[in-house]
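Have a look at the structure below before the remarks.
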Amino acid sequence: MTAHEVRATREVRALGAAALAWVSAHREGFALGDDALAEHGNVNTTWKPLGELAQVCVCVRRHTDPADPLHVLASDLLSFTWQQTGRGALFVELQRLEPFATYPLEIYAAFASAGLRHAGYESATATVARTRGWHLTEQEPNRRMSVLNSERRSGLPEHEDMPLALRRTWLAGLPEPWTFELAAGYTLTHVIFHLTDWGLTPQAVPPPVAAYLRHWLAPWLDTCLEDEQWDLSCELLAVASSLPGPPDLVLFQEAWARLSVAQNDSGAVPEVGGRGSRTTAPDFIDCYHSTLMTAFAAVLTVNRLRETAGDAETAAADGGLGVPG
């Protein structure tokens with residue numbers, strides 16, 4: 386890495402570390418309340434934030450060394466989220482209350498991928514997942530991909546091929562770039578997240594889709610940053626870090642420099658707007674997701690930049706031929 390690239394990498398890491406520190410300081414906002422199992426409870430304010438926290442913690446742990454303070458903090462937060470589920474026992478109750486709901490498995494899968502499992506829940510879900518009702522549930526294509534990836538991560542047979550599910554998505558159609566808008570943006574980011582298991586397997590992105598995204602991510606990201614859509618900007622940066630091949634260093638450096646102005650002194654990042662209000666902390670509900678996405682995108686970005694630097698150093702040591710040692 387050049388001195389400039391080292392400095393840029395450190396700055397991205399610092400943004401992610403500050404975001405994760407805010408999350409840790411506000412962990413009680415992610416705690417499950419008495420309404421988590423209520424008949425008319427709001428999943429979007431109970432289980433969804435907890436599941437998103439668990440997934441980000443899993444990603445941070447995957448891409449950091451066990452001795453890294455970020456890894457240690459993510460492990461602590463993951464333990465907190467697992468305890469909130471009664472070490473998996475609450476998933477059994479969710480299964481009893483909503484046997485054909487997919488969101489419990491989608492949340493549980495993050496824990497399972499980290500080795501945190503509950504045999505009773507997995508047994509009950511495996512029974513339901515064999516039914517025609519489960520296989521034929523009508524879902525948006527990107528949501529179907531989430532379920533398929535969750536089945537795989539939880540050790541259940543995938544009830545459909547991922548490539549088939551991908552072909553039904555907006556992104557796989559390589560649509561006219563000017564049809565990109567907020568809903569399409571969030572859909573395409575999650576298609577890539579589920580396809581690559583949250584950035585773990587960039588090679589899972591088919592070449593035509595990868596080439597399309599390399600061409601259009603930069604202008605889409607520029608538009609989102611200009612409009613102060615910080616949450617979606619972070620997700621697009623995470624996508625940029627989840628594509629096969631060398632990352633776009635200029636895109637990373639410019640985008641993260643622009644995104645840095647949105648981060649509050651506490652580490653929080655608002656979902657939308659708030660440029661320059663560094664001393665005014667947004668409400669939890671208005672910033673928890675974008676702050677999580679900042680940490681997620683930052684750790685993926687730093688990991689890809691370091692991988693790229695390592696590959697360059699190896700190639701240089703081999704006389705530029707890339708000969709394996």
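In terms of the numbering used here, the sequence shown opens at residue 386 and continues consecutively. Just so you know, even glycine gets a beta-carbon here, dropped at the ideal spot from N, CA and C. The model shown is predicted, which means the values in this text are computed figures rather than measured ones.
Give me the Cα-Cα distance between residue i and residue j, rounded to the nearest whole angstrom.
i, j, result
"Ala423", "Ala439", "22 Å"
"Val684", "Pro451", "14 Å"
"Glu483", "Thr430", "17 Å"
"Pro709", "Ala680", "At Pro709, the pLDDT of 31 sits below 50, so the modelled position is not reliable; the number obtained from the coordinates is stated separately. Their backbone Cα atoms lie some 33 Å apart in a straight line."
"Pro667", "Arg412", "15 Å"
"Ala486", "Gln480", "8 Å"
"Gly465", "Phe496", "It is worth fixing the name first, because residue 465 is Phe in this sequence and not Gly. Rounded to whole angstroms, Phe465 to Phe496 spans 12 Å at the Cα level."
"Glu478", "Arg446", "28 Å"
"Thr699", "Leu455", "In this predicted model, Thr699 has a pLDDT of only 45, less than 50, meaning its place in the structure is not dependable enough to derive any value."
"Val657", "Leu606", "14 Å"
"Leu598", "Val576", "12 Å"
"Val635", "Lys433", "34 Å"
"Asp453", "Arg517", "45 Å"
"Val594", "Ser535", "22 Å"
"Ala388", "Ala514", "52 Å"
"His520", "Trp467", "28 Å"
"Val397", "Asp612", "21 Å"
Who are the Cβ neighbours of residue i in its own chain at under 7 Å, not counting the five residues just before and after it?
i, result
"Val428", "Tyr488"
"Ser498", "Val443 and Arg538"
"Leu458", "Leu405 and Ser409"
"Pro655", "Trp615, Ala647, Pro667, Asp671, Cys672 and Ser675"
"Ala377", "Nothing about residue 377 can be read from this structure; the chain reaches only from 386 to 710."
"Leu533", "Glu543, Glu545, Met547 and Ala550"
"Ala416", "Gln469"
"Pro631", "Thr693"
Starting from residue i, trace the alpha helix (DSSP H) in both directions and tell me its first and last residue.
i, result
"Ala495", "Tyr488 to Ser498"
"Ser539", "Pro526 to Ser539"
"Gln440", "Trp432 to Arg447"
"Val657", "Taken as a continuous stretch (DSSP letters only), Val657 belongs to no alpha helix (DSSP H), as it is neither H nor E."
"Phe476", "Ala474 to Leu482"
"Gly466", "Note that residue 466 is Thr in the sequence shown here, rather than Gly. Run containing Thr466: Pro454 to Gln469, per the alpha helix (DSSP H) assignment."
"Leu602", "Pro592 to Glu611"
"Gly505", "Ala504 to Ala514"
"Val391", "Ala388 to Ala410"
"Gly518", "Arg517 to His520"
"Asp616", "Trp615 to Ala625"
Excluding the 5 residues preceding and the 5 following residue i in the sequence, name in chain order all residues of the same chain whose CB lies nearer than 6 Å to its CB.
i, result
"Gly401", "Ala680, Ala683 and Val684"
"Leu610", "Ser618 and Arg643"
"Glu620", "Thr574 and Met678"
"Ser531", "Glu491 and His579"
"Gly473", "His503 and Tyr506"
"Gly414", "Phe669"
"Trp583", "Cys444"
Whose C-beta lies closer than 8 Å to the C-beta of residue i among residues of the same chain, with five residues either side of it excluded?
i, result
"Thr581", "Pro587, Ala589, Val590 and Ser627"
"Arg529", "Glu545, Ala550 and Arg553"
Quick test of your reading: residue i and residue j, contact by CB under 8 Å. State the CB separation rounded to the nearest angstrom.
i, j, result
"Leu567", "Leu556", "Not a contact, Cβ separation roughly 15 Å."
"Gly436", "Glu491", "7 Å"
"Leu622", "Ala640", "6 Å"
"Gly652", "Ala403", "4 Å"
"Ala393", "Gln638", "5 Å"
Is there a Cβ of chain B sitting closer than 7 Å to that of residue i, yes or no?
i, result
"Ser645", "Of the protein chains in the structure, only one exists, and it is not chain B."
Would the beta-carbon of residue i be found less than 6 Å away from any heavy atom of the ligand SAH?
i, result
"Met678", "Among the components of this structure there are no ligands whatsoever, and the ligand SAH is therefore not found."
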